Amino acid sequence: RHQMARDRKTAGVESKLEGVYNVRDLGGHPCGEGRVTRRGVLFRSAGTSYATASDVSVISRDLGIQTILDFRSRHDASYVGGSNLLETVYPDATAREVPPLGPSREKDRRLRVWVKIIHSKLTREIMKRGSTSRILRYFAWSLLGKIALWLVWVLRMVCGVLCTWQLQPRDLPSPLFDILQWPLLWLDTVAITRKYTLAFTSLGGMAELYKMMLEFAGDRFAQALKICASKENQPVIFHCASGKDRAGLVAFLLLRACGVPLSTCVEDFHKTDTWSVMDEHYHQISGGRGKMFRRLSSAELDAQLRAPKAFIEEANSFLDKRYGGVEAYLDSIGFDRAWRERLRETMVVKVQ
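Sequential numbering from 55 applies to the sequence shown in my numbering.
This is how it looks when you write it as structure tokens:
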């Protein structure tokens with residue numbers, strides 16, 4: 055009866071949310087032997103920075119989310135901008151402050167936990183494996199973006215003096231600033247987008263980046279999986295920027311750990327492809343300046359934003375060849391059999 059009530063609350067969650075997209079319940083997937091993954095326990099989504107007041111109510115009350123797990127860096131999150139209304143309900147914490155890595159958690163204490171998956175070691179490996187010409191272009195675009203941001207800040211200060219005679223570096227209602235900042239913001243957005251696209255495509259595509267994340271960010275994946283598996287933290291919603299790459303790999307590992315067939319996991323990953331071509335996607339991941347992504351070629355957009363089945367299939371093949379399968383990989387990063395049983399206790403139920 056309790057499960058039926060939970061199913062009713064989580065049914066059609068995508069249609070209830072206004073500013074949070076690519077949301078899916080990891081429940082309802084077959085696990086074999088007449089079992090399915092439980093609904094209302096683990097959710098995946100795109101970034102939550104643009105959540106509305108209504109979204110906050112749905113996430114905190116209807117879904118009863120206790121933990122928001124964010125795989126971005128704080129810099130990535132600040133670049134995207136948005137209302138960030140969820141921060142008032144879910145204060146920041148680190149992985150070391152929540153179970154299983156931290157002390158016991160107070161009942162009904164809501165938290166946003168940061169687990170940065172693309173960290174410095176992984177970035178260095180990306181640079182090592184890329185071609186010299188692409189690496190130079192990467193740093194050139196990165197420098198242009200930094201210069202553009204600095205010039206925008208200078209313009210804010212100048213417009214503050216000219217229009218209000220006060221130094222107000224943020225949110226000035228200045229027509230002059232609005233006119234002058236546009237080409238610089240365009241340069242910043244294109245620079246950010248191109249540098250990451252160059253870094254990823256220099257490896258041979260996003261599928262290669264997936265392999266590198268699995269290889270060099272195993273400890274971060276283990277943190278995320280353990281937080282999701284701990285009953286004290288559930289229900290959990292986890293996300294990155296698009297809910298495709300970092301969140302997609304975590305969802306894949308969770309579902310495979312629960313015994314969900316590979317074909318079902320691949321289909322779940324591919325559902326993100328529909329969201330990837332929506333205008334809201336461009337708008338959110340570019341800090342509200344999504345139309346500027348139209349300046350990129352279709353190949354660059356596909357490399358960075360689409361979610362074809364081949365990406366996750368190649369990641370699975372990599373785990374098979376390098377580690378001997380998903381379970382062997384999970385053992386190697388510390389999410390061993392005991393942890394997987396702990397996950398299944400809360401995530402796998404018999405079909406009613």
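From the three backbone atoms N, C-alpha and C, an ideal C-beta is built for every residue, glycine too. Computed from a predicted model, the values in this text were never measured in an experiment.
By DSSP's criteria, residue i is part of a beta bridge. Which residues make up the other side?
i: H293; result: S99 and D124
i: D385; result: Beta-bridge pairing links D385 to no other residue.
i: A147; result: V167
i: T91; result: V402
i: K78; result: According to the sequence as given, residue 78 is Arg; it is not Lys. Beta-bridge pairing links R78 to R98.
i: G86; result: R89
Pull up the CB-CB distance for residue i and residue j, whole angstroms please, since I reckon it's below 8 Å.
i: A364; j: A295; result: The pair is not a contact, with the Cβ atoms about 21 Å apart (cut-off 8 Å).
i: L384; j: C312; result: About 12 Å; that fails the 8 Å criterion.
i: A361; j: T400; result: With 8 Å as the limit, A361 and T400 do not qualify as a contact, their Cβ atoms being about 27 Å apart.
i: R166; j: A147; result: 7 Å
i: Q277; j: A131; result: At roughly 18 Å, the Cβ-Cβ gap does not stay under 8 Å, so Q277 and A131 are not in contact.
Could you compute how far the alpha carbon of residue i sits from the alpha carbon of residue j?
i: L257; j: E179; result: With a pLDDT of only 47 at L257, under 50, the local geometry of the prediction cannot be trusted, and the value read off the model is given with reservation. Roughly 10 Å separates the two Cα atoms.
i: V402; j: I171; result: 26 Å
i: S284; j: P153; result: 7 Å
i: R224; j: R128; result: Annotation note: pLDDT 48 at R224 (below 50); position unreliable, no value reported.
i: P84; j: L123; result: 25 Å
i: L71; j: V206; result: 33 Å
i: R163; j: L303; result: 27 Å
i: I119; j: L279; result: 16 Å
i: W464; j: R274; result: Since the displayed the chain opens at 55 and closes at 406, residue 464 lies outside it and no answer follows.
i: A105; j: E87; result: 39 Å
i: A369; j: W168; result: 24 Å
i: I366; j: H293; result: 17 Å
i: P315; j: L176; result: 29 Å
Taking the beta carbon of residue i as the centre, do at least 16 other beta carbons fall within 10 Å, making it buried, or is it exposed?
i: V405; result: exposed
i: P237; result: exposed
i: D299; result: buried
i: G73; result: buried
i: P145; result: exposed
i: E395; result: exposed
i: T91; result: buried
i: D109; result: buried
i: A107; result: exposed
i: A382; result: exposed
Should residue i be counted as a contact of the ligand FAD given a C-beta to heavy atom distance under 7 Å?
i: V320; result: Ligands displayed in this structure: none; no statement on the ligand FAD is therefore possible.
For the stretch 77-93 against the stretch 383-397, do three or more pairs of beta-carbon atoms, one drawn from each stretch, fall closer than 8 Å, so that the two count as touching? no
Closer than 8 Å is the cut-off here; do at least three beta carbon pairs connect the stretch 96-112 with the stretch 264-278? no
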